[in-house]
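Going by the working numbering, 169 is the number at position 32 of the sequence shown; the sequence numbering is gapless. C-beta atoms are modelled at their ideal positions from N, C-alpha and C, and glycine is treated no differently.
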Amino acid sequence: MIEARVATVDVFPLRRAAGVLSALVLQRAEHTRCTGAWEIVHGRIEAGERPEDAAVREVREETGLEIARLYNVTVQPFYLQMFDAVTLAVVFAAFVRDGDVVLGAEHERSEWMPVEEALVRLTWPRSRTALREAAALLAGGDAGPVEDVLRVR
Numbered sequence: 138m139i140e141a142r143v144a145t146v147d148v149f150p151l152r153r154a155a156g157v158l159s160a161l162v163l164q165r166a167e168h169t170r171c172t173g174a175w176e177i178v179h180g181r182i183e184a185g186e187r188p189e190d191a192a193v194r195e196v197r198e199e200t201g202l203e204i205a206r207l208y209n210v211t212v213q214p215f216y217l218q219m220f221d222a223v224t225l226a227v228v229f230a231a232f233v234r235d236g237d238v239v240l241g242a243e244h245e246r247s248e249w250m251p252v253e254e255a256l257v258r259l260t261w262p263r264s265r266t267a268l269r270e271a272a273a274l275l276a277g278g279d280a281g282p283v284e285d286v287l288r289v290r
């Protein structure tokens, strides 16, 4: 029987400058899964860890950036045949503090780009859909009237 479980997080690092919302996209390094693909921050939730804690940890590990504000955006299902499971990824958007991006071993390049450009660059259609949702919700720099529901930290 196929199992469904919340096991991963996807995080869109964001920043807003001069009225433009930008997203950080990461290119997978050689000798990793999906070599060359442009993605967002993605990772497993460790045992005993809450999804929002995993999001903060993964952003720090994969980019070296610290999160200033974290927002819950959606949940994305995907099938992992090697584990015979449907994995649910909790998707977050994170406004990050200023700083240099320091990539972990999984990625070889990073680029900040306006959301519209990031939508073209991202490999996964589900990431493009979630980024559109995040941008719609956070276009003004916060979640406006739904801040109390979507803001996690």
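Which residue wins for smallest C-alpha separation from residue i, given the options the options?
i: Arg181; options: Gly156, Arg206, Leu217; result: Leu217
i: Asn209; options: Arg153, Leu161, Ala191, Ala222; result: Ala191
i: Leu256; options: Val193, Thr145, Ile177, Ala141; result: Ile177
i: Glu189; options: Thr172, Asp237, Thr145, Ala272; result: Thr145
i: Ala205; options: Pro282, Gly278, Ala174; result: Gly278
i: Ala242; options: Ala184, Glu183, His168; result: His168
i: Leu151; options: Glu248, Trp175, Asp221; result: Glu248
i: Phe229; options: Ala174, Arg194, Trp175; result: Arg194
i: Ala155; options: Ala276, Leu259, Val196, Asp221; result: Ala276
i: His179; options: Asp147, Glu198, Ala160, Met250; result: Asp147
i: Thr260; options: Phe149, Arg153, Ala184, Ala174; result: Ala174
Within its chain, find whatever has a CB closer than 6 angstroms to the CB of residue i; leave out the 5 residues flanking it on each side and keep chain order.
i: Leu274; result: Ala280
Does the distance from the CB of residue i to the CB of residue j come in under 8 angstroms?
i: Val227; j: Val239; result: no
i: Glu164; j: Glu253; result: The sequence given here has Gln at residue 164, not Glu. No, they are not a contact pair.
i: Val162; j: Leu225; result: no
i: Ile141; j: Val223; result: According to the sequence shown, residue 141 is Ala rather than Ile. Yes, the Cβ-Cβ distance between Ala141 and Val223 is below 8 angstroms.
Hey, residue i and residue j are a contact pair by Cβ (cut 8 angstroms); roughly how many whole angstroms apart?
i: Leu207; j: Arg234; result: So it is not a contact: roughly 12 angstroms between Cβ atoms.
Which runs of the alpha helix (DSSP H) at least 4 residues long sit entirely within the stretch 172-247? Give them in chain order. 188-200
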